[in-house]
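Structure first, commentary second.
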Amino acid sequence: MKELGVEVSHAHSPQAKGRIERLFRTFQDRVVKEMRLKGIKTIEEANKFLAEYLPGHNRKFAANPKEKTEFHRKIPKGLNLDNILCIKEERALRNDFTISYKGKLYQITESIKAQKVTVEERINGKMLITYNGASVKFKKITERPEKQKKPRIVKKKTTICLPAEHPWRKFNINGWKKKKWAWAA
1421 MKELGVEVSH AHSPQAKGRI ERLFRTFQDR VVKEMRLKGI KTIEEANKFL
1471 AEYLPGHNRK FAANPKEKTE FHRKIPKGLN LDNILCIKEE RALRNDFTIS
1521 YKGKLYQITE SIKAQKVTVE ERINGKMLIT YNGASVKFKK ITERPEKQKK
1571 PRIVKKKTTI CLPAEHPWRK FNINGWKKKK WAWAA
């Protein structure tokens, strides 16, 4: 509704709902009594009765609005209602580019760098998967694809063989300790 610029005001109590709750109370009380008085027992008879009863009820209880201002607005150009008036659910994209939606698996055939995608279920029954507002290609699959195991590369250990004249080979720990104590004294 935000995309349409409409602010939704939820009525959580019968008092806030006003007119519709009064109408429901009428249907649950007055209409039921009228139907009993007329001896209506089947759905067909009830539908026929309501077709006759409702126009009279509306004439009797309808009220004209205080302001005759038209509050409907035109749809702005570039606004696609099919993109807005649909069921949208966010899904996590797995490493194998699959998502699960309503117990079915779908694999994204494009390579995208995303952690989450949006599944849009349109009014006409069409399903789309989008990422950042753009539609991505996908296909329905029955099984999750197998992970491809990378071949393990075993590196051969190399030993370093230092030449005999290398300084590390000439180092004598015992001699160093003696010299260290000699310096301290």
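All residue numbers for the sequence shown refer to this note's numbering, where the first residue is 1421 and numbers rise by one.
No residue lacks a Cβ here, since even glycine has one placed at the ideal position from N, Cα and C.
Give the straight-line distance between the Cα atoms of K1422 and N1500, rounded to the nearest whole angstrom. For this step, residue 1422 is matched to residue 2 along the sequence shown. For this step, residue 1500 is matched to residue 80 along the sequence shown. About 14 Å.
Any idea what DSSP makes of F1517, helix, strand or coil? As a working note, residue 1517 is residue 97 in the sequence shown. Correct three-state label for F1517: coil.
Using DSSP with H/G/I as helix, E/B as strand and the rest coil, what is I1532? Here residue 1532 refers to the residue found at position 112 of the sequence shown. It is coil, neither helix nor strand.
Tell me whether F1491 is buried or exposed, calling it buried when 16 or more other Cβ atoms sit within 10 Å of its Cβ. Stepping through the sequence shown from its first residue, residue 1491 is reached at position 71. F1491 is exposed by the Cβ-count criterion.
Run of the alpha helix (DSSP H) containing L1470, from where it starts to where it stops: Here the question's residue 1470 lines up with position 50 in the sequence shown. Segment I1463 to F1481, the alpha helix (DSSP H) holding L1470.
Cα separation between L1548 and H1477? Residue numbering aside, residue 1548 sits at position 128 when the sequence shown is read from its first letter. Residue numbering aside, residue 1477 sits at position 57 when the sequence shown is read from its first letter. In a straight line, the C-alpha of L1548 is about 45 Å away from that of H1477.
Would V1556 and R1511 be called neighbours here (beta carbons separated by less than 9 Å)? Position 136 of the sequence shown, counted from the start, is the residue given in the question as residue 1556. Position 91 of the sequence shown, counted from the start, is the residue given in the question as residue 1511. Not closer than 9 Å, so no.
Please report the residue range of the beta strand (DSSP E) in which T1550 lies. Reading the sequence shown from its first residue, position 130 is the one you call residue 1550. From DSSP, the beta strand (DSSP E) with T1550 extends over M1547 to Y1551.
Cβ shell of L1424 (< 7 Å), same chain only, five flanking positions each side left out: Reading the sequence shown from its first residue, position 4 is the one you call residue 1424. The residues are I1504.
At a cut of 8 Å, does the stretch 1580 to 1590 reach the stretch 1556 to 1569 through at least three beta carbon pairs? no
Work out the CA separation of R1439 and T1462 for me, nearest whole Å. Taking the sequence shown and counting its residues from 1, the one referred to as residue 1462 is at position 42. Taking the sequence shown and counting its residues from 1, the one referred to as residue 1439 is at position 19. If you take the alpha carbons of T1462 and R1439, they lie about 28 Å apart.
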